[in-house]
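A.B. asks:
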Amino acid sequence: MEKHSIEYASRLLNSAERNYSTTEREALAVVWALNKFRGYIEGSKITVASDHQPLNWIMKLKSPSGRLARWALQLQSFDLNLEYIPGKSNVVADMLSRLDYDQKIPSCEENTVSIDFPARSPMEIREEQLKDEDLRKIIRCFENDDKNVNHANWLERGYLMNQGVLYRFSHDSESEEAQLVVPTHERDKILKEHHDSPNAAHYGSDGIYQRIAKHYFWIGMRKFITNYVKNCLDCARLKASNQTPAGLLQTPVQAQRFETIAIDLFGPLPESKNKKKWILVVEDVATRWVELFALTNATARENVTVLMEEIFLRFGLPRRVISDNGTQFVSAVMQQMCYLLKIHQSSIPIYHPQANPVERKKRDLKPRLAMLVEDQHDSWCKKLPSIRFAMNTARCSSTGQTAAYLTFGRELRTVDEVQNDL
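When we follow the numbering used here, the leftmost residue of the sequence shown carries the number 1, and every step to the right adds one.
(1) What separation, rounded to the nearest whole angstrom, lies between the Cα atoms of Lys275 and Arg395?
(2) Report the three-state DSSP secondary structure of Trp278 (helix, strand or coil).
(3) Which word fits Ser77, buried or exposed, when buried means at least 16 other C-beta atoms lie within 10 angstroms of its C-beta?
(4) Assuming the contact rule is C-beta atoms closer than 8 Å, Ile348 and Pro318 should be a hit. Round their C-beta distance to whole Å, please.
(5) Determine the burial state of Ile279: buried for a count of at least 16 other Cβ atoms within 10 Å of its Cβ, exposed for fewer.
(6) Are the CB atoms of His194 and Glu417 within a distance shorter than 8 Å?
(7) Which of the three DSSP states, helix, strand or coil, is assigned to Lys45?
(8) Please look up how many angstroms separate the CB atoms of Pro183 and Glu143, rounded, as I've assumed it's under 8 Å.
(9) At which residues does the beta strand (DSSP E) containing Ser15 begin and terminate?
(10) Please state the DSSP three-state secondary structure of Leu317.
(11) Go ahead and pull the three-state DSSP assignment for Glu425.
(12) Determine, using beta-carbon pairs with one atom in the region 232-242 and one in the region 290-298, whether at least three such pairs fall under 8 Å.
(13) In its own chain, which residues sit with a C-beta less than 7 Å from the C-beta of Gln254, not counting the 5 before and 5 after it?
(14) If I measure Cβ to Cβ from Leu412 and keep anything under 6 Å in the same chain, skipping five residues before and after, which residues do I get?
(15) Determine the direct distance from the alpha carbon of Lys277 to that of Leu269, and round the result to whole angstroms.
(16) Would Asp116 be called buried (16 or more neighbouring beta carbons within 10 Å of its own) or exposed?
(17) Roughly how far, in whole angstroms, is the beta-carbon of Val424 from the beta-carbon of Ile125, given that I think they are within contact range, below 8 Å?
(18) Ser346 bridges to which residues according to DSSP?
(19) Who are Gln74's beta bridge partners in DSSP?
(20) For Glu309, count neighbouring C-beta atoms within 10 Å of its own C-beta (all shown protein chains included) and say buried if the count is 16 or more, exposed if not.
(21) Where does Leu341 fall in DSSP's three states?
(22) Measure the beta-carbon distance from Ala27 to Ala9 and round it to whole angstroms, keeping in mind my assumption that it falls under 8 Å.
(23) On a CA-only basis, which of Trp71, Ser5 and Leu180 is nearest Arg120? Give me that one, please.
(24) Could you give the residue range of the alpha helix (DSSP H) that holds Phe142?
(25) So, for Asn150: in the same chain, excluding its five sequence neighbours on each side, which residues have a beta-carbon less than 6 Å away from its beta-carbon?
(26) If I measure Cβ to Cβ from Ile46 and keep anything under 8 Å in the same chain, skipping five residues before and after, which residues do I get?
(27) Rounded to a whole number of angstroms, what is the C-alpha to C-alpha distance between Gly316 and Thr407?
(28) Mark Gly158 as exposed unless 16 or more other C-beta atoms lie within 10 angstroms of its C-beta, in which case mark it buried.
(29) Taking a contact to mean a Cβ-Cβ separation below 8 Å, would you say Ile263 touches Val358 in this structure?
(30) Between the C-alpha atoms of Leu265 and Glu156, what's the straight-line distance to the nearest angstrom?
(31) Kindly list the residues whose CB is nearer than 8 Å to the CB of Leu135, restricted to its own chain and excluding five residues on each side of it in sequence; keep chain order.
(32) Hey, is the region 349-356 in contact with the region 322-331, meaning 3+ C-beta pairs nearer than 8 Å?
(33) Taking Asn199 and Thr414 to be in contact with their CB atoms under 8 Å, please state how far apart those CB atoms are, rounded to whole angstroms.
(34) According to DSSP, Thr260 sits in a beta bridge with which residue or residues?
(35) Which of helix, strand or coil does DSSP assign to Arg413?
(36) Quick one: what does DSSP say Glu128 is sitting in, helix, strand or coil?
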């Protein structure tokens with residue numbers, strides 16, 4: 001029988017509903033739609049198609065409470081069947097929920113770079129999960145036709161199966177994707193990719209946990225990550241000890257991205273193969289986005305040229321530039337540039353480098369360069385893109401988000417996500 005649309009409907013979330021988790025918002029949409037179309041569908045068998053798989057889990061809770069209990073009572077008056085469809089197949093709803101963009105984007109095929117990262121199939125991931133005795137029991141419990149109490153317990157704890165692979169969904173998470181359950185023998189591999197690799201750059205346990213928890217889960221994951229980072233020899237050897245906590249007077253919050261930038265020089269370093277000795281570190285104070293530029297002599301003119309070509313012409317002119325009192329930054333060339341572009345130049349107090357926000361990034365930069373360069377001291381230039389990527393994709397404790405998310409409104413896709421088809 002051919003299907004026809006008879007009505008479309010949508011509404012905005014109110015201020016309270018915007019604080020709901022992703023799954024609660026999806027459930028709210030189902031309840032609202034059923035009540036709106038009650039005159040059409042009451043007394044008939046209804047199929048609700050959604051690309052949000054945790055909806056099936058939340059509707060099967062044994063002891064719902066609060067708003068979930070109220071919604072469950074409303075849904076009992078309908079003969080309801082929840083059908084999961086992959087997000088890439090949910091084209092109708094996705095098309096209606098997004099603004100149309102008529103402008104044609106020019107093709108970039110001539111400059112396309114193809115990089116092949118081997119992605120594992122669901123069958124390969126399943127085989128690795130079955131090697132773990134604990135995960136094998138859970139998978140067999142889901143695939144057993146005779147559902148028992150254990151099956152209900154695993155459902156209650158957020159476990160689910162998709163294409164034969166075991167996942168877990170946390171109702172506390174804002175992510176729309178379930179976490180892949182990692183077998184015991186692959187946990188060290190995940191940690192090495194997210195802590196030891198050049199694109200991870202040996203960040204601390206909190207940042208690594210936030211990065212891994214977006215896509216993976218295993219019981220005791222936070223403790224496992226903390227112990228792994230504590231036992232990292234490179235971190236223990238090269239990372240600086242924590243300083244005394246800052247006082248109550250904090251730096252004011254910036255209103256716009258790249259409205260205020262902080263700059264400083266890092267070096268001199270051993271001369272690289274392309275004759276570079278210095279690194280110009282630039283940080284957006286609002287988002288904590290970092291740029292690293294290798295310089296030859298770090299003269300005032302060279303600094304001004306890099307700021308003009310690589311910062312101002314990419315992110316726009318800032319209203320304020322924070323720097324120390326180095327000769328490169330208080331020179332006539334720098335002052336003339338700021339005067340012509342109407343940029344307020346702020347110099348920090350003498351002998352108090354902590355007043356410059358970029359100092360924290362310089363502290364992170366030193367051990368990460370040492371770990372990646374090792375004994376090839378003239379290769380540090382090649383490591384800067386990887387370190388910059390790691391800095392901008394690590395969760396910042398002061399903002400609660402990554403610099404990439406605050407700058408672009410989305411997280412940057414990583415090699416690990418490509419390899420595991422996440």
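Beta carbons are placed, not taken as given, at the ideal position from N, Cα and C, and that holds for glycine. Being a predicted model, the structure only gives us computed values, none of them experimental.
C.D. replies: Concretely, from the data shown:
(1) To locate residue 275, count along the sequence shown from 1; it is residue 275. To locate residue 395, count along the sequence shown from 1; it is residue 395. In a straight line, the C-alpha of Lys275 is about 33 Å away from that of Arg395.
(2) Locating residue 278 in the sequence shown gives position 278, counting from the first residue. Residue state, collapsed to three classes: strand.
(3) Against the sequence shown, residue 77 aligns to sequence position 77. Label assigned to Ser77: exposed.
(4) The residue you call residue 348 lines up with position 348 of the sequence shown. The residue you call residue 318 lines up with position 318 of the sequence shown. Wrong, their Cβ atoms sit about 16 Å apart, outside the cutoff.
(5) Indexing the sequence shown from 1 puts residue 279 at position 279. Buried is the call here.
(6) Taking the sequence shown and counting its residues from 1, the one referred to as residue 417 is at position 417. Taking the sequence shown and counting its residues from 1, the one referred to as residue 194 is at position 194. With contacts defined by Cβ atoms closer than 8 Å, Glu417 and His194 do not form a contacting pair.
(7) Here residue 45 refers to the residue found at position 45 of the sequence shown. In the displayed model, Lys45 falls within a strand according to three-state DSSP.
(8) Numbered from its first residue, the sequence shown carries residue 183 at position 183. Numbered from its first residue, the sequence shown carries residue 143 at position 143. 17 Å between Cβ atoms; not a contact.
(9) As a first step, residue 15 is located in the sequence shown; it is residue number 15 there, counting from the start. Where Ser15 is concerned, there is no enclosing beta strand (DSSP E), given that its DSSP letter is neither H nor E.
(10) On the sequence shown, residue 317 is found 317 positions in, with the first residue counted as 1. Correct three-state label for Leu317: coil.
(11) Absent from the structure is residue 425, since the part of the chain shown begins at 1 and ends at 422.
(12) Taking 8 Å as the limit for Cβ pairs, the verdict is that the region 290-298 does not touch the region 232-242.
(13) Reading the sequence shown from its first residue, position 254 is the one you call residue 254. Only Thr260, Val285 and Ala286 meet the Cβ criterion.
(14) As a position in the sequence shown, residue 412 is number 412, starting the count at 1. Only Thr393 and Ala404 meet the Cβ criterion.
(15) Locating residue 269 in the sequence shown gives position 269, where the first residue counts as 1. Locating residue 277 in the sequence shown gives position 277, where the first residue counts as 1. Using only the alpha carbons, I get a separation of about 5 Å.
(16) Start at 1 with the first residue of the sequence shown, and residue 116 comes out as number 116. Its pLDDT being 49, under 50, Asp116 is placed unreliably by the model, and nothing is read from it.
(17) Outside the displayed span of the chain (1 to 422) sits residue 424, for which this structure offers no information.
(18) Within the sequence shown, the letter at position 346 stands for residue 346. Note: Ser346 sits in a beta bridge opposite Ile322.
(19) For the purposes of this step, residue 74 is taken as the residue at position 74 of the sequence shown. Looking at the DSSP assignment, Gln74 forms no beta bridge with any residue, so it has no partner.
(20) In the sequence shown, counting from the first residue as 1, residue 309 sits at position 309. Looking at its Cβ environment, which holds fewer than 16 other Cβ atoms inside 10 Å, Glu309 is exposed.
(21) Sequence index remark: in the sequence shown, residue 341 carries index 341 (1-based). Coil.
(22) In the sequence shown, the residue the question calls residue 27 occupies position 27. In the sequence shown, the residue the question calls residue 9 occupies position 9. That pair is no contact at about 17 Å.
(23) Along the sequence shown, one-based indexing puts residue 120 at 120. When each option's Cα is compared against that of Arg120, the closest is Leu180.
(24) Against the sequence shown, residue 142 aligns to sequence position 142. Residues Glu133 to Glu143.
(25) In the sequence shown, counting from the first residue as 1, residue 150 sits at position 150. Cys141, listed in sequence order.
(26) For this step, residue 46 is matched to residue 46 along the sequence shown. Leu34, Phe78, Asp79, Leu80 and Asn81, listed in sequence order.
(27) Sequence index remark: in the sequence shown, residue 316 carries index 316 (1-based). Sequence index remark: in the sequence shown, residue 407 carries index 407 (1-based). Approximately 13 Å between the Cα atoms of the pair.
(28) If you number the sequence shown from 1, residue 158 lands on position 158. By the neighbour-count criterion, in which a residue is buried when 16 or more other Cβ atoms sit within 10 angstroms of its Cβ, Gly158 is buried.
(29) Counting from 1 along the sequence shown, the entry for residue 263 is found at position 263. Counting from 1 along the sequence shown, the entry for residue 358 is found at position 358. One thing to note: Ile263 has its Cβ within 8 Å of the Cβ of Val358.
(30) Against the sequence shown, residue 265 aligns to sequence position 265. Against the sequence shown, residue 156 aligns to sequence position 156. Near 53 Å, if we compare the C-alpha coordinates of Glu156 and Leu265.
(31) Walking along the sequence shown from the start, residue 135 turns up at place 135. These residues qualify, in order along the chain: Gln129, Leu166, Val181 and Pro183.
(32) Touching, yes.
(33) Counting from 1 along the sequence shown, the entry for residue 199 is found at position 199. Counting from 1 along the sequence shown, the entry for residue 414 is found at position 414. Confirmed, about 7 Å.
(34) By one-based count along the sequence shown, residue 260 stands at place 260. For Thr260, which the question treats as bridged, DSSP gives the partners Arg320.
(35) Locating residue 413 in the sequence shown gives position 413, where the first residue counts as 1. In this structure, Arg413 counts as coil in the three-state DSSP scheme.
(36) On the sequence shown, position 128 is the one that residue 128 refers to. If DSSP states are grouped into helix, strand and coil, Glu128 belongs with the helices.
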